[in-house]
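Reading through the structure tokens given below for one structure.
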Amino acid sequence: MAQARIPIPGAKDALGVLTLTAAVGTGITKKGKDSLIAGDLATELQAVAAKVPAALAAHEEAKKLQLQLEKLYEQRDAVVAEALPFVQRASKALQGNLGKARLREMGDYGFTVDDSPQAAKLPKKA
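Residue numbers (the working numbering): 1 to 126.
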């Protein structure tokens, strides 16, 4: 017979840890004085297991909030997709109407104008 393996969920599997903790706590309670897990470890495990229902409720609430967050991002992204072409066209129109000498006036419309000198480009190496 092959060596038995006991998988233990890691910190990234919060639901797995909570489920296993609740099961271990229930096992200790069912076995009572015959439990192979005894003493301080049993006491501490049962204390943590008692907190599992609240943690599971928090987990479910977090999942609901995550779905709500995704819906809110979808709403935001739809408006961004609609607005971006207009903002780009507005920039182009202002640049054409103002000319190179008056581009700073685009700041009056909310655009950021950076007229600091640009660093010279280095020649490409052969």
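Quick reminder that beta carbons are idealized off the backbone N, C-alpha and C, glycines included.
- Contact check between the stretch 5–12 and the stretch 33–47: fewer than three CB pairs, one atom from each, fall below 8 Å, which does not count as touching.
- The Cβ atoms of LEU18 and ALA55 lie closer than 8 Å to each other.
- The C-alpha of LEU98 is placed about 33 Å away from the C-alpha of PRO123.
- Measuring C-alpha to C-alpha distances from VAL52 to each of ASP108, GLY16, LYS121 identifies GLY16 as the nearest.
- For ARG5, the secondary structure class from DSSP, reduced to helix, strand or coil, is coil.
- By the CB criterion at 8 Å, ALA14 and HIS59 fall inside the cutoff.
- VAL80 has its alpha-carbon roughly 56 Å from the corresponding atom of THR29.
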